[in-house]
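Residues 8 to 303 (the numbering used here) make up the sequence shown, in order. To keep things clear, I will list the structure first and then write my remarks on it.
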Amino acid sequence: MANYADFQITADTARDAQAAAEQARITPAAAPSVQTSRKVQVDTHGDGRQLTKDLSARTVMTERQVRPGNVIIPGVGETTIEAARAAGLLPPGFDGPVGGKTAAPAGNQQGEQQTKGEAPEGTCQPDATDLAADIMGALAGSLGAEAVETGIWQAAETGDVESSVPEGVTEDAVGAIVEGFVVQANSVLNALPGGVASVDMLLETLSPAELREARMATIHNDREKLAHFGNAALGRMETLPYQDPASFKALLADMPAKERKALTLNENSGEWSVRVPGKQAMSFGAAVRAGIVRVG
Numbered sequence: 008m009a010n011y012a013d014f015q016i017t018a019d020t021a022r023d024a025q026a027a028a029e030q031a032r033i034t035p036a037a038a039p040s041v042q043t044s045r046k047v048q049v050d051t052h053g054d055g056r057q058l059t060k061d062l063s064a065r066t067v068m069t070e071r072q073v074r075p076g077n078v079i080i081p082g083v084g085e086t087t088i089e090a091a092r093a094a095g096l097l098p099p100g101f102d103g104p105v106g107g108k109t110a111a112p113a114g115n116q117q118g119e120q121q122t123k124g125e126a127p128e129g130t131c132q133p134d135a136t137d138l139a140a141d142i143m144g145a146l147a148g149s150l151g152a153e154a155v156e157t158g159i160w161q162a163a164e165t166g167d168v169e170s171s172v173p174e175g176v177t178e179d180a181v182g183a184i185v186e187g188f189v190v191q192a193n194s195v196l197n198a199l200p201g202g203v204a205s206v207d208m209l210l211e212t213l214s215p216a217e218l219r220e221a222r223m224a225t226i227h228n229d230r231e232k233l234a235h236f237g238n239a240a241l242g243r244m245e246t247l248p249y250q251d252p253a254s255f256k257a258l259l260a261d262m263p264a265k266e267r268k269a270l271t272l273n274e275n276s277g278e279w280s281v282r283v284p285g286k287q288a289m290s291f292g293a294a295v296r297a298g299i300v301r302v303g
């Protein structure tokens, strides 16, 4: 049986270390490894085997992976493709990133292209509030948060969206932001315990000063205050035929024919009632509270 021994040699180069290790192999007393100043390790075993390992530091470069349906905009960060497109931050002809990586203009991409406007398989299109938040984030990255916040505040304060838009913001971006706030407001108004209100109902029944406060409550996400105006709108809407006949007449004129047929005026009492299939006849006010009579 062989007489194995472990030994260690230190030298300036790997070659010197190997030579020294070979000499030391026949000499009793040694250690198992030799590591040079260049991070080269030589392992010498008692049976004569030598293994050289390069221990030099290595750097591995990886590309940042982007979530499906998203894109990285320099100076802005990661956002959805739809939000970036609406904010005017994508190059002309951009169809989507390849392989979940950063964006490149169409024509410079390799591989299968996604169909424009379609979400990748297994993903969902963002809802209106998510899209609005993404667009505002993208615009804040390109224009500055103060410019975006000032524009939104001014639009809520005055009700004049067009003159409140900062330079460089597209119509699609503005429309998406407005839609996001409308959806946010309707989520509160539709769920009122006393009835079903909506942004359109507020526009029909509230005064300009009240509408201003409702808009401010929306952008500040003051749900309690917005609910207050929703209840006020419900109260006015259910008595509209009697308190504001002119506005009610205009409402009837804009109502689809099928819905208009459901409204009946009792000539003797002067009261309006609503009849819909599968339900008993009810007063106009009860139909408003039940969400059967809607505005918009």
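Using N, Cα and C, we set each Cβ at its ideal position, and we do this for glycine too.
Straight across, the Cα-Cα distance linking Ser171 with Met223 is about 15 Å. Taken atom to atom, the span from the alpha-carbon of Gln161 to that of Val168 is near 8 Å. Between the alpha carbons of Leu97 and Glu89 lies a distance of about 10 Å. Collapsing the DSSP output to three states places Asn273 in coil. Looking from the CA of Arg92, the closest CA among Gly158, Gly175, Glu156 and Ala154 belongs to Gly175. Following the DSSP letters along the chain, one finds Ser280 inside the beta strand (DSSP E) bounded by residues Trp279 to Val281.
Between Glu245 and Val295, the CB-CB gap stays under 8 Å.
The C-beta distance from Ala240 to Ala204 rounds to 5 Å, short enough to meet the 8 Å contact threshold. Annotated as proximal: Ile184 and Ile142, with beta-carbon spacing under 8 Å. DSSP links Met289 through a beta bridge to Val281. The beta carbon of Met289 lies closer than 7 Å to those of Ser280 and Val281 in the same chain, with the five residues before and after it left out. Sequence-distant partners of Gly202 (beyond 5 residues in either direction) whose C-beta falls short of 6 Å from its own C-beta, in its chain, are Leu241 and Arg296. 8 Å or more divides the Cβ of Ala192 from the Cβ of Leu138. With fewer than 16 other Cβ atoms from the protein chains shown falling within 10 Å of its own Cβ, Leu272 counts as exposed. Ranking Asn228, Phe236 and Ala147 by CA distance to the CA of Asp207 puts Phe236 first. Collapsing the DSSP output to three states places Thr225 in a helix. Per DSSP, Thr177 has no beta-bridge partner at all. Residue state for Asn197 is assigned as coil, using DSSP reduced to three classes.
One thing to note: Leu210 has its Cβ no nearer than 8 Å to the Cβ of Leu199. Distances from the alpha-carbon of Pro263 to those of Asn228, Pro284, Ala154 and Val300 put Val300 closest. Counting other Cβ atoms within 10 Å of its Cβ, Gly187 reaches 16 or more and is therefore classed as buried.
Taking C-alpha positions only, Glu278 is separated from Phe291 by approximately 8 Å.
Just so you know, the alpha carbons of Glu266 and Arg243 end up roughly 20 Å apart. Leu97 sits in coil when the DSSP states are folded into three classes, being neither helix nor strand. Nearest neighbour of Gly298 by Cα position, chosen from Asn238, Asn275, Ser276 and Ala260, turns out to be Asn238. Boundaries for Val168: no alpha helix (DSSP H) harbours it, and the DSSP string shows neither H nor E there. Assigned with DSSP and collapsed to three states, Met262 falls in coil, not helix or strand.
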